[in-house]
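Just so you know, numbering that gives the first Met the number 0 puts 32 at position 33 of the sequence shown, and the rest follows in order with no gaps. Cβ atoms here follow ideal geometry from the backbone N, Cα and C, with glycine treated the same way.
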Amino acid sequence: MKTDFALQKSIHKKIAICIALGLLLAAVIIINVLLEKYRITTVYVEGNEHYTAAQIRSFVETGKFGDNSIYLSMKYRNKSITDIPFIEKMDVDVWDKNTIKITVYEKALAGYVEYLDKYMYFDREGIVVESSSLKTPGIPLVTGLSFDHFLMNEPLPVENEKIFQTILSVTQLLNKYEIVTDRIYFDSHYEMTLYFGKVRVALGDDRLIEEKIQRLSAILPLLKGKQGVLNMKTYQTGDEDLKFVVD
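In structure tokens form, the structure reads like this:
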């Protein structure tokens with residue numbers, strides 16, 4: 000009798016183990032099917048300039064199930080990504096089981112200054128938003144500003160805080176007219192000089208700044224390979240008589 004009970008108990012145990020293994024196998028099969036069926040194959044990225052689309056995708060698809068749309072829909076539901084340098088936030092939308100869209104909102108960088116072998120990037124209000132050892136294409140180096148310290152997320156301590164709005168305006172206009180400058184220099188009167196290799200363009204103050212930049216876009220190709228100063232400080236609307244002084 001006792002032997003029969005032990006035998007039944009052993010059989011029940013084996014059945015329980017078989018059921019458990021069967022359920023585990025079924026779960027593995029279901030998970031693998033879901034992983035394969037909901038694997039992300041198409042990613043749309045918009046709003047990115049600082050990072051490539053591949054880099055943006057790598058920031059989003061992190062972890063073991065980072066390429067699974069079900070996992071990402073739960074991970075980023077009502078939540079933005081906010082811990083990436085140079086980026087204000089990124090929103091992830093799952094369009095279907097194999098497609099996601101990543102919308103990137105980059106920080107509005109006006110320029111950067113060099114300080115203790117670092118590049119300090121600031122926004123339109125002069126607030127230092129990033130510190131990096133890498134230069135960012137399209138963001139100009141700004142020189143001539145005087146300061147002896149800085150704090151992250153605080154304005155650069157310069158006398159004329161309005162200068163940052165001028166820097167942003169110039170940066171946006173340079174981008175608009177597809178002009179790439181080596182750096183923007185401000186003298187003690189906050190008048191600007193743009194550097195293009197061995198060519199210097201004295202813009203002066205921000206009066207008629209868009210007209211100056213637009214005119215400059217037509218002149219620069221003619222100055223390629225030259226060395227000297229183009230004076231635009233006294234530029235007037237429609238002015239064709241601009242003086243270039245060879246060094």
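Problem set entry | CA-to-CA distance, Thr41 to Ser68, given in whole angstroms | 11 Å
For this session: Quick one: give me the first and last residue of the beta strand (DSSP E) that Ser216 is part of.
Result: Per DSSP, Ser216 belongs to no beta strand (DSSP E); it is in the alpha helix (DSSP H), 208–218.
Exercise. Can you name, in chain order, every residue of its own chain whose Cβ lies under 8 Å from the Cβ of Ile55, other than the five neighbours on each side?
Worked result: Val44, Asn47, Met89, Ile101, Val103
Exercise. The alpha helix (DSSP H) spanning Asn230 covers which residue range?
Worked result: Asn230 -> not in any alpha helix (DSSP H); beta strand (DSSP E) instead, spanning 227–230.
Exercise. Considering only C-alpha positions, which residue in the set Pro84, Ile218, Asp82, Thr98 is nearest to Asp66?
Worked result: Thr98
Problem set entry | Pairwise C-alpha distance: Phe58 and Phe185 | 37 Å
Exercise. Can the beta-carbon of Pro84 be found closer than 8 Å to that of Glu153?
Worked result: no
Exercise. Roughly how many angstroms lie between the CA atoms of Tyr234 and Leu241, to the nearest whole one?
Worked result: 8 Å
For this session: Output the boundary residues of the beta strand (DSSP E) element that contains Lys74.
Result: Unbroken run through Lys74 is the alpha helix (DSSP H), 68–74; no beta strand (DSSP E).
Problem set entry | Start-to-end residues for the beta strand (DSSP E) that takes in Phe58 | It is not in any beta strand (DSSP E) - Phe58 instead sits in the alpha helix (DSSP H) that spans 52–59.
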